[in-house]
Every structure is written in structure tokens, then in C-alpha cells.
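Position 564 of the sequence shown, counted from 1, bears residue number 1645 in my numbering, the numbering being contiguous throughout.
Ideal Cβ positions, reconstructed from N, Cα and C, are used throughout, including at glycine.
Below you'll find the structure, written out as C-alpha cells, and then a few comments.
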Amino acid sequence: METNWCLNTEAFNCVTLGALSAFAEKPQHRKRTSAREGMQHDVSSAAIISGFVASFKSSLKWIANIVHLKASSAVHFGGHYVCAAGCNQSGNIFQILRTKPSDQPLNVPSREDAHVEVSLLSEKLIMEQKARYNSILDRSTAITWQGDCYVYLQSTSCSPPSKTQPPALDWVQTHQDHLRRFTSAPFLHGLLLHLRKTHLLSSTEESRIKEAGRLAEQVNMLITNVCARKDSHASEAIRDFTEGSDSPAAQLIKNYDSMVKDHKENLLRCYEHRRDSSPKRNFPSRDLLLVEGLSDLQQKEHDLTQVGATRGRKRNHLRELSLNRLLEPLTRVSLPPRVSLTIGVGGIGKTTRVRDFILQWTQGSICSNVSFVLPFTFSELNFLEKLSAERLVRMAFPHLSDPGLILSSSCRTLLIFDGLDEFRCTLNFSNAPPCEDPKKEVPIEDLVTNIIRGNLLPGVALWVTSRPKAASLIPGGLVDRVTEVPGFSPNDIQVFLNHHIPESDFAHNIWTHLQCHKNLMVFCYTPYFCWVVADTMKYLLQGGVEEHLPRTCTELYAHFCCMKAESGEPRGREPLKVETLNGSNRKLLGNLGRLAFYGLLKNKYTFSEQDLRAYGIDPLLTPNSLAAGLIIRDEAVLCTTYRFTHLTLQEFLAATFYFVSSKRAIFDLFSESTMSWPKIGFHNHFKSAIQRSQQAEDGHLDVFARFLSGLLCPLSPLAGLLGKDDGSQRAWAAGFVHNLLDGGHALVSQRAVNLVYCLQEMQHAEILRAVEDDLRLGSLAGKLTRANCVVLGYLLHVSPECGEQTNLTASLNYTTVKCLLPQLLYCRHLRLESNHFKDDVMELLGSILSAKDCHIHKISLADNDIGNKGVRALSRGLMVNRTLTSLNLRNNNIGARGAKFLAEALKMNQVLLSINLQNNAIEEEGARALAEVLECSRKLVSLNIRKNGIGANGAKEIADALKMNRTLTKLTLCSNQLGDKGTASVAEALTVNHTLLSLQLQSNSISNKGMTALTKALRLNRGLVSLNLRENSIGVEGAKNMAHALHENHTLQDLDLTANLLHDEGVQAIAEAVRVNQGLTSLHLQWNFIKCSATKAMADALLSNTTMQLLDLQENAIGDEGVICLAEALKTNTSLRTLCLQGVSVGSSGAVVMAEALMTNQSLQTLDLRGNSVGMKGAKALANSLKINRSLKSLNLQENLLGMDGAIFIATALKGNHHVTYINLQGNGLGESGAKVISDAIRADAPACVVDI
């Protein structure tokens, strides 16, 4: 039945508010009939009435104005018809519903019956009831009316009326994303079948949906098309089917939002509670670094060995990755990673990154597409034996009632396993039995192995964190992405100190101390160690013992332990010493040391409550106690674990325990039981510890050995606990370590270098200072014994001289290179010049360049005896190298064949930026090979093939390649016999290549003809900045052509025409161009037979030119007259910074005028008057100008006949001029004693001035 009718009434507009109140206050009447199914009827009126009440008790009076009214429909549901609603003028909607059994006729009133005469409520009555009315609306919007009727009140605008969305359709729209995301094929099949049965889906529509393609497209068609067309009926059917289904898909569609919200709230509570509030965490985290797997050093060595070898520097060419992009694909065509591995040394902040990720995810700021994050620590997993994946999740997150839903592929779930290095079980990826059932219980190590391998939970993303060495246990093929946590740079360390220590003087003092002790600075790469340094040194500075700041790691940790013990002790003015500790704390320190030592032997770094009790340590960790300062308690749902605040602290306490125990032990302490060979005396125990550390291939006892050696230092604050030593034990131990340095393998391994660290901790560093001095002075040749090579290996780690550049020029041979090979890997700029290296050494260096651990950025092998075989070995390394950016092979003999080998490597190498092959006889054939590189290279920016005899044909090959190359910016072709023909080829390339910035064509027999070709190219070229044409045969015609080019070209900045045949006529033409040119900043015209007239023309040009900064007129006979013209120009010119007038035959008169100009000019900074005859008179004038001039910084008066008097004038003038930083008075007849007097006077009056005399 379809009904359309309307009432000209303001129906139910002013229902008596008192009556409404009476009904509203009867809670027994507040019931509502719910609607699940219904029939739809058309609506045509503007004002909407969704129901109508047919009859009421006769005693009830209606008061309302009649307005246009329309019954929207008689809706059938639950065996009843329901009609109702209306709105009054104030915008209050009254919905009055009445139900009537559907088997009884529904009496729809006629239009005429709906007209009722009523009287209006008085304004006063309305105002009196308004407050009461508002309270009703606030209390309940559903007011019972009578029996099976009620009134629904909602305050909203009535003009214009809006269409109310059916509730079922609202539900579908709210859940449409979940429907698209979680609907499975079985669920969709059942849903379509249900819609067919309810006649809401035709067979044609069902077929169209099934043929739509993938499952996602089918679901999208169902939601977008069918539901929109069927309105609320199909929507209700989808809702009812979903709510009535118990399938996993239905559970996720219905409950996903509430499950995620509940899980995030639980995680947030947990991790806000766990958040480490120590000051070291208050420093902002940096982005992760995307790396290509683990290096050999990371797989094999101790954390601090890694930091020491690399000086904390990150590998080159690493891409940064924020936490938000951790699980995202790197490119548009790549897939998100399933297994992500994050590595970093202990204390660098891996767990901090995990906690930051979880907190940011729970707050919705990152990875919003991740449904659930399930974090675990391997220290928790240590206490589990056999369980299933679902049981593991249920145990850790009891609020997740159905782990199967979370672990299904429908949800994007991230599983976090933090701290693989703390896992005591063995991960056997070769023999672990496969498991694919998340309900099957297996040993915990097999469970982890199968999750990583993807047998178990293949649809779940996995993030594993670990120290590098433990991370190597996971096969590289199973890991999709490896990231590394970066440590502190030197700038970060300084910022951290300023941020962490409010007292600026303390922060400055600590930074200065670290700069003087690089062994401490290097380890501040890890934020934890930096925090220990900051807190401990601040503690000492507050105690007023600045002169006793720790110089070694051993001293640092000794003071750190005393600082932590002091929290329970009375504090005096000076820092606490261990002998003043109370008995309980001293005993606790011993127990902690025993726990640390035997844990270290077992590679055990996390402990249970039972472990602590077994060693006499109270697990309660009372706040402000010594134990609470050294041990961290980690509470989790699965278990509670304990660990030392850092591995290095555990190693220090272990060394302390061993040191004290070795003085009275009669058995080997490395065996916890007493069943071992007797060892009596400290010497035997010390030998045993050092030898064991040398035999440990993984280096896990290296730092323990360093601390054990450092405890022999008599200045240790733990001297009261360690016992007295007259120095004999320290001297013996140093001798024992020295003997180990002289022996051992030929290669300087990390174990050998650790012996030098032991000497450093003992503060027994005589051999270190000797080798360091020789390295700084370049006098290592013939002194590199095996022991000195080991010390040099140590210095390559920590010496500031080796920090940026390692200069081993004229110091090495094949044997020493082979010995130092493992340590040369970590140099940044390696200078190996003049070592007479032959091809056999190149085999060794090639192996360095091909290693994963290579950190070399620049290597210079100039002035050796390297042939094509040696270059071939180097080239093999270059093919795979990812760090080297600069290679210098100047003055070797690689020949054309060597150039070919190198060219093949450069075609594959993607990082080398600069290569120098000067004087290697590569000739035309080698040039052709390099030209092929230029055609395809996208990295090389600098190529030097000076003095290689490539000829005109070789130049043509290079020039043709330049036409296609767009990366090379500097090309050096000097001394290659190019001639005019080769120059013309290069010029032709310049007409199309606009990326080349510097072109060096010195000594190539270029005449006016070649110059004509070049200048034509310069008129078109807009890229070249520097052009060197020194020592050619360019004459007047060529100079005029260059002048014409300079009228049009304004990009060329540096032009060198030294030693050509320009004469006055040619220079005058160039001067005219300089007058208007606004690009040239540097012009070299030395040795060009210039006289006074050309100089005058150039001086006139300087009057209008505003860009020229350097003018070189050396060795031209311009005389006093020419200098006077230049001096007059300087009175006006404000751009010139450097004027070179060496050997221009200037006398005292020219010098006097130049001095007058300097009194006015305030822009000239360098004046070179070498080899002239200014004499005493000129010197006096120049001296007077220096008293006034404040711009000149460098003055060269070498060989100018100044005499003693002239030198005194200059020296006296410098007393009031502190701007001059360089003065040259050599060759002026001062004599040895006079030179000393003048030198001392200048240094006394102007200490910042460098004097050559």
C-alpha cells in the first residue's frame, strides 16, 4: 500500500508542556519498539512528518496551529505499522510514534479531518515551561506517551527540513572501509546468497558482481552500486547478516575499531609506564640509516671495537629512513618489507626507537595503516619453553580475546622482537622443523625461527632489533630491509652536553676535556656512554676536582660507580671514595661483580630474580640504592628481567671482581666450579685473562681485558677496594703486554690492537707517543717494527692526526702494508705517496677497496711505480667499491692498457667523483677508453689527464664524449700536444656542453688559429667559468678574438693567458673588453711583453669595471709609469682584492704613489711587489700607508733593496696595524742578526702576523 497525504497543520506544535513533563517522569512508560524491516513510501512535501498518532485519550487536549504536514509513510516492521512526527516554529522536532498490529487496518486520516481549530498557548505559558521543557530534553529524548506510543524530542532546525538517513544505510557507510578490507571470499559468497534469498539481489546483479574481477573489486561493486540503488533494505540485510555471523571476517568488520582502540590504550598505559625517564632519553632521536647488510667488522667484533675502528662514523652514501617509513616500500614498484632488521651497538638507542615507534603509533601519528603492533623482548622469550604463536599473543596481550583474528592476513599486524642479542636459545635456520600452524605448540627457538622464515604467520610484518654480531645469525636472504641506528657525531655530542648540563662552564670544560682525550671522545658515539661521561664529569666538577677528570674508560666507570653509591651515603665536598663506603655497599659491589663476571663468560646479559638472589642481590632494587643505579628492572606481562645499565658496565664490574679475586684465588676464576688447575698469584691470573681475550675470535673479552689493565693504575678511585700497589704490578703487566705486541701473527688484527688499548688504560703510553710523533713528522720510514705497526693500527683508530687524513708518505713497503691491511680499511683519506709501491702492493690495496668494511673516501698513490698490472688489481676493487670518491695515480706508469682496465671499472663504479692520471703515458688509446667512460658516466666530475701525450686525435675522442656528458665539471688536458686541431675539437664540444666549468689547456702549442676556434665557442658557451691557456703561442690576433668574446660572454670568471705573445696591442684590446665585461673576476697576464701603454689601458678599464678581483701583471716591463697609472685607478676602484706586480721594474717613485693609493683604497688585500727596487724611500712610504690602511692583509716586499732602515720602517708600521697577517722581507740585505731583530719586533708588535725574513 502506498499513501501520499498532507495536513495543513502545525501538528503537535504546542503540546502542553506540563503533560509532556508528566509522561516523561514515568520511567515505566519509556520503552521503544525497534524496527528491523519495513516498507518504503514516497515523500513529496517539504516539511517531513515521519509518523502520525491516530487516537489519544479523550481527556487529553491538543493545542496546535495547523501547518502543512505530510505523513512520510506507514512503516511496517515487527508485525506493526508505525507513523509519526512534526516540528514547531522554534525548531523543536516532536516524533510521536504509535504502533498498531499489522493485521489491523491502518486508519489514515483524510485531508479534511486533519483541520483542527485550536487556540494558541500564551507567550507567558511558554516562557514558564521552557526550563522544565529543557530538562526533559536533557534527561531523555524518548518520552513515553501512552501504552505502545512515545514522543521523540530532538532540537534541530526545521527550515528547511532534511531527509533522515535510514539507520541501516548509516551502518554500511560507517563500516564500508572495513567491508572492503576484511571481506573474505567465503563471507562474500554467504552475503550474496543471503541477498538473493531476501529478493534484494537479482541473478543478473550477482553475476555482474562475481565477474567484476578481484575480490576487492567485487566488494566495491556490491557496496557502491547495489546498496546505493536498493537504499536501506539491502543495507539492513548486509548489517543483519554481518551481525549474525561469527566468521572471522564478520568479527573484524563489527569489532575492528573497538579492538584497535582497546589495544592502543593498553599499549599506551604499558609503555608510558616503561618509558625511561633518565636524562639520556631526553635527546631527540635521529632517523634510521638504510644499509646494505652487515659488514665483516659488525659480524665479528665487539661493539666498542666497531666504534673504535670506525671512529663512530657512519658508512658513506646511506639513505635516512624515518620511523614512519619503516614499513613502507621505498619505490612505487617495490613491496613493503616483511622482515625488517634494525642493528646498532649496545646503548645506541634500539629499544628507545622501538618505544618511540609504539608510542607514536598508539597516538596515531605514524603508520596508521598498521592495525596491531605486538611488541616482545627476547629477554622475555628466554623464560618460555614451548608454546604456539596464538598462545604467545594471548599471554602477552590478554585483552586480545581472539589472537587468530589479529594474526590473520586480513589485518596488517606488526610483530616486534627487540634485542636478539639477549636471546639465549640458538636459532637454527637449517634444521629447525617447519611449522605453519599458529595453534601448534613448538619450542620457543623454533617458533621464532619459523616466524622469521615466513613458515608461520606469513602475512604478519616482523621488526627485529639486535646488536650487529647477533644479527648475523639471521640469513641475509630472509631479511627484506636492514636499517642501522646512527650514533652521535661530534656536533651531536657537544649539543647533548649543552642540553644535558645547564651549567655552561661545566659543559664547556667537559667538551674541552674530551677533545684532549680522543679515546673517550670516540666512545661518546653511543648516547649511553655520552650520558655516563656527562653525569660523571658533572659530578666531579661539582666536587671541585677538575684536575682529576677521568682520562681513561676505567677511571670514568670507577667514578660512575662511586657516584651511584653516594646516593645512600652522606655527601661531603669531595667525591666519594670506595674505602668510605659502608660495609653493605662494598659487599653489594662484590656480588654485582661476581654476577657480571660469570654472566659475561656465559654471554648472559639478562638475569632473572632467581639469578640475583643466587648472588646475594636483593631484586627489589630500593630507589636511590647502589643496585638501582647499576641495574635496570624490566617489567613485562610475561616476566620480569634484570640487566646492567649497559654491557660496558657489566664488563667493568666483572673486571673489578676478577681483579680483587685474583689476589687470593688458588684456582682458575674462568671456571665457576673449583675443578681446575691451581693458579696462584695475580700474575698468573692476569696472564690467563689477557691470553683468553686474545684467543676469543669474537672479541667478547676485549673490553674486560682493557678494564682489568686499567685497574692497575694507582689513581683509580677504587684503590681502597682493589688494594695497594707500589707500581710493580703495573710495570710487570705493561712489560707482559709489550712482549705480546712483538710476537703474534703478521697481520695487525683487532685482538692485537686491543693490547694497545690495554696499555692506554694502564696509562703506560710511551710507545704510543713515540709512534704518534713520528707519524706527525712523517719520519716513520724504517721504524715500523711489528709492535710499532700495532701501535700505528691503534692510532689509526683514535689519533686526531689520522681523523681526516692519514699521511703515510714515504713510510711503507709491501711487508708493512700487509701487516696493517686490516686497519687501513678504516682510514678516511689515505696518503700513500712516494712509497715505491709496485704491482704486488696494488693486489693488497685492491682487496681493501673491495671489502664491505672499506671506509676510504680518498686515496693518493702518486709518485709510485705502479704499472698496468697493479691498476688491473685496483680496478677489480673499484668495480664493487661504494665509498671511494677520489683516486690519485699521478706520476706512475699505467700506460694505455692500465687506462683501459681503469675505464672498465669506472663504467661500473657509481661513486668515484675525481680521478687524477697525470703523467701516466696513456696516449691516444687510453684517451679513447676514458672517452667511453665520459659518454656513460653519471658521477665523474673531475678528470686530470695532464702530460699523457694524447695528441689531437685523443683530444677529439674526449671532445666527442663531452658533447654527450652532463656531469664532468673539471677537465685538465695540459701538456698533451693538442695543437690547433685538438683545440678546435674541444672548442666544438663547448658549443653544446654547458656543464663543464673548468678547462685547463696549458702548454698545448695553441696559436691564433686555435684561439679563434675557442673564442667562437665562448660566444655561445654559457657554462665555462675557468679557462687556462698558459704557456701557448697566442698572439695579438688571438688576444683580439678573446676581447670580442669577452664582450658577449659574461659567465667566464677566471682567464689565464700567462706566458703568451699578447704584447701591448693585444692587452689593450682585452682592456677594452674588461671595461664592459661584468663576469671576469681574475685575469692573469704574466710574461706577455706588456709595457706602459697597455698598463694604462688596463688601469683605465679598472675605473669602470666593478667585478675584477685579481690582476696579475708579473714579469712585464711596465715600470714606474705603469704602476703610477694602476695606483691612480686604485684610488677609485673598490673591487680589486689582489694585485701581483712581481718583477715589473718599479722603483721608489712608483712605490710612493702606490702608498698614497693605499691610504685611500680600502678594498685591496694582497699586494705582491717582489723583485723590484722600491728601496728605503718606497718602504718608508708604504710603512706610512700601513698606519692608515685597514684592508691590506698580505704584503710581499722580497728582494726590494729595503736595507735595514726600510725594514725598520715596515716593522714599526705594523705596531699599530693588526690587520696585516703576512709580510715577506726576504732578500733585502738585512743579515742574520738584523733579520732576527726585525722578526722579533714584528712578532712582538703584531703576534698574528706571519713573517718570512
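Rounding to the nearest angstrom, what Cα-Cα distance links residue i and residue j in this structure?
| i | j | result |
| --- | --- | --- |
| A2002 | T2076 | 28 Å |
| D1920 | N2025 | 22 Å |
| L1670 | R1787 | 19 Å |
| L2110 | N2265 | 39 Å |
| Q1841 | G1791 | 8 Å |
| I2039 | R1957 | 24 Å |
| N1600 | A1513 | 44 Å |
| L1876 | L1865 | 13 Å |
| Q2246 | V2301 | 9 Å |
| L1849 | L1911 | 20 Å |
| N1894 | L1970 | 17 Å |
| I2291 | G2160 | 36 Å |
| M2257 | N2298 | 20 Å |
| A2208 | C1870 | 59 Å |
| D1518 | L1416 | 25 Å |
| F1457 | A1717 | 9 Å |
| D1499 | G1780 | 23 Å |
| I1940 | T1964 | 11 Å |
| D1823 | G2224 | 59 Å |
Which first and last residues belong to the beta strand (DSSP E) in which residue i is found?
| i | result |
| --- | --- |
| Y2303 | 2303 to 2305 |
| I1424 | 1420 to 1424 |
Can you tell me where the alpha helix (DSSP H) with residue i in it begins and where it stops?
| i | result |
| --- | --- |
| E1628 | Note, E1628: premise wrong, no alpha helix (DSSP H); not H, not E. |
| S1830 | Neither: S1830 is in no alpha helix (DSSP H) and is coded neither H nor E. |
| C1643 | 1634 to 1646 |
| E2006 | 2004 to 2017 |
| Q1772 | 1763 to 1776 |
| I1848 | 1847 to 1858 |
| N2025 | It is not in any alpha helix (DSSP H) - N2025 instead sits in the beta strand (DSSP E) that spans 2023 to 2025. |
Keeping to the same chain, check which residues put their C-beta closer than 8 Å to that of residue i; ignore five residues upstream and five downstream.
| i | result |
| --- | --- |
| T1051 | What is shown of the chain runs 1082 to 2334, which leaves residue 1051 out entirely. |
| L1495 | L1408, C1448, V1451, F1453, V1454, L1455, V1541, A1542, L1543, W1544 |
| E1106 | Unreliable positioning characterises E1106 in this predicted model, as indicated by a pLDDT of 39, which lies under 50. The coordinate reading is nonetheless provided below. For E1106, where only same-chain residues beyond five positions count, there are no Cβ hits under 8 Å. |
| P1903 | L1828, V1829, S1830, Q1831, G1874 |
| V1341 | S1452, F1453 |
| S1915 | T1890, A1891, A1943, D1944, N1945 |
Go through its chain and collect everything with a Cβ distance to residue i's Cβ below 7 Å, but skip five positions before and after it.
| i | result |
| --- | --- |
| K2212 | A2238, T2241, N2242 |
| V1435 | P1456, I1497, D1499, T1546 |
Can you list, in chain order, the residues of its chain whose CB lies under 6 Å from that of residue i, leaving out five sequence neighbours each side?
| i | result |
| --- | --- |
| S2254 | G2228, L2282 |
| M2123 | T2096 |
| N2034 | E2005 |
- Residue ranges of each beta strand (DSSP E) run of no fewer than 3 residues wholly in the stretch 1865 to 1927, ordered along the chain? Counting only runs that start and end inside the stretch 1865 to 1927, the beta strand (DSSP E) elements of at least 3 residues fall at 1910 to 1912.
- Query: Should the stretch 1543 to 1562 be regarded as contacting the stretch 1578 to 1598, the criterion being three or more beta carbon pairs within less than 8 Å?
  - Reply: Contact fails between the stretch 1543 to 1562 and the stretch 1578 to 1598, because fewer than three Cβ pairs, one in each stretch, are under 8 Å apart.
- Are the stretch 1473 to 1482 and the stretch 1377 to 1390 touching, with three or more C-beta to C-beta distances below 8 Å? No: the two stretches stay apart, fewer than three of their Cβ pairs being nearer than 8 Å.
- Task: For the stretch 1706 to 1719 and the stretch 1591 to 1607, state whether three or more C-beta atom pairs, one from each stretch, are separated by less than 8 Å.
- Result: Touching, no.
- Message: Going residue by residue through the stretch 1528 to 1591, where are the continuous beta strand (DSSP E) segments of at least 3 residues, counting only ones entirely within it?
- Response: DSSP runs (the beta strand (DSSP E)) wholly in the stretch 1528 to 1591: 1542 to 1547, 1562 to 1565.
- Unbroken stretches of the alpha helix (DSSP H), 4 residues or longer, contained in the stretch 2253 to 2329: Listed in chain order, the complete alpha helix (DSSP H) runs (minimum 4 residues) inside the stretch 2253 to 2329 are 2256 to 2267, 2284 to 2294, 2312 to 2326.
- Message: To test your reading of the DSSP string, which unbroken beta strand (DSSP E) runs of 3 or more residues are found completely within the stretch 2126 to 2206?
- Response: DSSP runs (the beta strand (DSSP E)) wholly in the stretch 2126 to 2206: 2135 to 2137, 2163 to 2165, 2191 to 2193.
- Spell out a yes or no on whether the stretch 1260 to 1279 and the stretch 1330 to 1350 are touching, meaning 3 or more CB-CB pairs, one atom from each, closer than 8 Å. Taking 8 Å as the limit for Cβ pairs, the verdict is that the stretch 1330 to 1350 does touch the stretch 1260 to 1279.
- Using 8 Å as the Cβ pair cut-off and three pairs as the minimum, do the stretch 1977 to 1985 and the stretch 1917 to 1931 touch? Judged by Cβ distances under 8 Å, the stretch 1977 to 1985 makes no contact with the stretch 1917 to 1931, as fewer than three pairs qualify.
- Message: Closer than 8 Å is the cut-off here; do at least three beta carbon pairs connect the stretch 2146 to 2161 with the stretch 2117 to 2128?
- Response: In short, these stretches touch, since the Cβ pair count reaches three.
- Query: Is the stretch 1482 to 1493 touching the stretch 1372 to 1384, taking contact as three or more C-beta pairs under 8 Å?
  - Reply: As far as the Cβ criterion goes, the stretch 1482 to 1493 does not touch the stretch 1372 to 1384, which means the pair count is below three.
- Are the stretch 1720 to 1727 and the stretch 1671 to 1691 touching, with three or more C-beta to C-beta distances below 8 Å? Yes, the stretch 1720 to 1727 is in contact with the stretch 1671 to 1691.
- Query: Is there contact between the stretch 1729 to 1736 and the stretch 1672 to 1686, where contact requires at least three CB pairs shorter than 8 Å?
  - Reply: Touching, yes.
- Item | Cβ contact (3+ pairs, closer than 8 Å) linking the stretch 2078 to 2088 and the stretch 2049 to 2057 | Taking 8 Å as the limit for Cβ pairs, the verdict is that the stretch 2049 to 2057 does touch the stretch 2078 to 2088.
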